[in-house]
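Undergrad: There's a structure below that I have some questions on.
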Amino acid sequence: MYVKICGLRDPEHARVAVDSGAHAVGVVMNQTSSRRATDDEAAAVIAAADGHVDTVLVVNDMAAAEAAATARRLGFDVLQLHGPAYDSADFASALAVMPRVWRATSLKHDPSLLVGAHGEEMLLLDSPNPGSGERWDASALASRAPDGRWLLAGGLSPQNVADALRALSPWGVDVSSGIESAPGEKDAELIRAFVAAALTA
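In case it helps, my numbering puts the sequence shown at residues 1 to 201.
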């Protein structure tokens, strides 16, 4: 089970995620996000991960070429293009710079859910309102889950991730708001609890 802890700005939380057994840490650099990291904060998270896990730059309002250049400059392993604003040409542009690119979408924006449709390494399936903590209606996905490597996101928490895994059998999970004590404020104990719940489900 692949576990991604997203929306990090504090290197200590990155170390907690690594020590807990997570496989990836994500840094959000959207202009409008409460979780938006600066270049210095992103670099600190990457340094704290110290090559032990995948480091992922998450964007939804940055041009793909700029996002790829930013990911490369800061030293991220993966670029995650999040949302319907990005098309095949954007992914081609990003992949020319970053060899590993993920695509994040939702049933609302992409009901076909074909992993690799734009050349992405992995698909992340989010709720219709990313970052909102809005929970999935598992019945809407149970009969149409993607094939291949895909991550489930949207409304996951230490309390419900095990049930989501049993119901939908994703390749991995992604969490952000479900490990926060307040919007944009990560909680180390919630990070530990989420990873433990996901890995033992």
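Quick reminder that beta carbons are idealized off the backbone N, C-alpha and C, glycines included.
Return the chain-ordered list of same chain residues with a C-beta closer than 6 Å to the C-beta of arginine 9, the five sequence neighbours on each side being excluded.
TA: Cβ neighbours of arginine 9 beyond the five flanking positions: Ala37 and Glu41.
Undergrad: Identify, in the order they occur along the chain, each residue of the same chain with its Cβ nearer than 6 Å to the Cβ of alanine 149, setting aside the five sequence neighbours on each side.
TA: Strictly speaking, residue 149 in this sequence is arginine, with alanine absent from that position. Met122 and Trp171, listed in sequence order.
Undergrad: Counting only runs that start and end within the stretch 35-99, where is the beta strand (DSSP E) found for 3 or more residues in a row?
TA: Counting whole runs of 3 or more residues, the stretch 35-99 contains the beta strand (DSSP E) stretches 54-59 and 78-82.
Undergrad: Apart from the five residues just before and just after alanine 69, which ones in its own chain have a Cβ nearer than 7 Å to its Cβ?
TA: Taken in chain order, the residues that qualify are Val97.
Undergrad: State the Cα-Cα distance for the pair leucine 114 and leucine 95, rounded to the nearest angstrom.
TA: Taking the straight line joining both Cα atoms gives about 18 Å.
Undergrad: Pop quiz: phenylalanine 91 and glycine 116 are said to be a contact at Cβ under 8 Å. What is the actual Cβ separation, rounded to whole angstroms?
TA: So it is not a contact: roughly 10 Å between Cβ atoms.
Undergrad: Quick check on glutamate 12: does DSSP put it in helix, strand or coil?
TA: Reduced to three states, the DSSP call for glutamate 12 is helix.
Undergrad: I'd like the list of long-range same chain contacts for glycine 178, defined as Cβ closer than 6 Å, with 5 residues on each side in sequence excluded.
TA: Excluding residues within five positions, the ones whose Cβ falls inside 6 Å are Leu156 and Ser157.
Undergrad: Alpha carbons only, please: which of Asp126, Pro99 and Trp102 is nearest the one belonging to lysine 108?
TA: When only C-alpha atoms are compared, the closest one is Asp126.
Undergrad: Please confirm whether threonine 191 and valine 16 have their CB atoms less than 7 Å apart.
TA: For the record, residue 191 in the displayed sequence is isoleucine; it is not threonine. Closer than 7 Å, so yes.
Undergrad: Across which residues does DSSP place arginine 103 in a beta bridge pair?
TA: Note: arginine 103 sits in a beta bridge opposite Leu81 and Leu123.
Undergrad: Span of the beta strand (DSSP E) holding alanine 193?
TA: That residue, alanine 193, is in no beta strand (DSSP E); its alpha helix (DSSP H) goes 188-200.
Undergrad: Relative to the C-alpha of alanine 14, which candidate in Trp102, Val25 and Ser34 has its C-alpha closest?
TA: The candidate whose alpha carbon is nearest that of alanine 14 is Val25.
Undergrad: Mind checking glutamine 80: buried by the 16 CB within 10 Å criterion, or exposed?
TA: Buried.
Undergrad: On a CA-only basis, which of Ala201, Glu66 and Phe76 is nearest arginine 100? Give me that one, please.
TA: Ranking the options by Cα distance to arginine 100, first place goes to Phe76.
Undergrad: Confirm, please, whether the CB-CB distance from alanine 47 to histidine 82 is below 7 Å.
TA: Cβ distance not < 7 Å, so histidine 82 and alanine 47 don't count as in contact.
Undergrad: Considering only residues of the same chain and omitting the five flanking positions on each side of cysteine 6, which have a CB-CB separation below 6 Å?
TA: Closer than 6 Å at the Cβ level, and outside the excluded window around cysteine 6, lie Gly26, Asp174 and Ser176.
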